[in-house]
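Numbering (my numbering), first residue to last: 716 to 834.
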């Protein structure tokens, strides 16, 4: 099933391994030139979907390292420290924009508090 799914993306070459029931997966030329969403890797414009996925993965790291739960204030502090942010994330950013992105992803559960600046 995995081989069919990877082959269907057009980014992998899937071939049987001689003398084995296993398959060999390798990136093909298309994968070396563009992201999975069709944006060329040498483009000055970043793929918004890849950026969102990267953001969600980094967010998952922060929440995971905090034991699975973290408030927005500490999230912003950890983000700035771990990822050496050039533009610092403020607690207000984390409580508003970040909380919205995380909740809309369906992968995070965001809880409202009495303080609009803390989620």
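Where is the CB? At the ideal position from N, CA and C, for every residue including glycine. Being a predicted model, the structure only gives us computed values, none of them experimental.
Check whether the Cβ atoms of residue i and residue j lie closer than 8 angstroms to each other.
i, j, result
"residue 833", "residue 800", "no"
"residue 724", "residue 755", "no"
Specify, as a first and last residue, the run of the alpha helix (DSSP H) that residue i falls within.
i, result
"residue 790", "787–797"
"residue 717", "717–724"
"residue 770", "763–780"
"residue 812", "No alpha helix (DSSP H) contains residue 812, which DSSP labels as neither H nor E."
Buried or exposed: which applies to residue i, given that a residue is buried once 16 or more other Cβ atoms fall within 10 Å of its Cβ?
i, result
"residue 822", "exposed"
"residue 742", "exposed"
"residue 769", "exposed"
"residue 824", "exposed"
"residue 727", "buried"
"residue 764", "exposed"
"residue 735", "exposed"
"residue 732", "exposed"
"residue 777", "buried"
"residue 758", "exposed"
Per DSSP, residue i is paired with what?
i, result
"residue 806", "The partner list for residue 806 (beta bridge, DSSP) is empty, contrary to what the question assumes."
"residue 742", "727"
"residue 755", "749"
How many whole angstroms separate the CB atoms of residue i and residue j, which I take to be in contact at a CB cut-off of 8 angstroms?
i, j, result
"residue 804", "residue 791", "4 angstroms"
"residue 787", "residue 806", "6 angstroms"
"residue 883", "residue 729", "Nothing about residue 883 can be read from this structure; the chain reaches only from 716 to 834."
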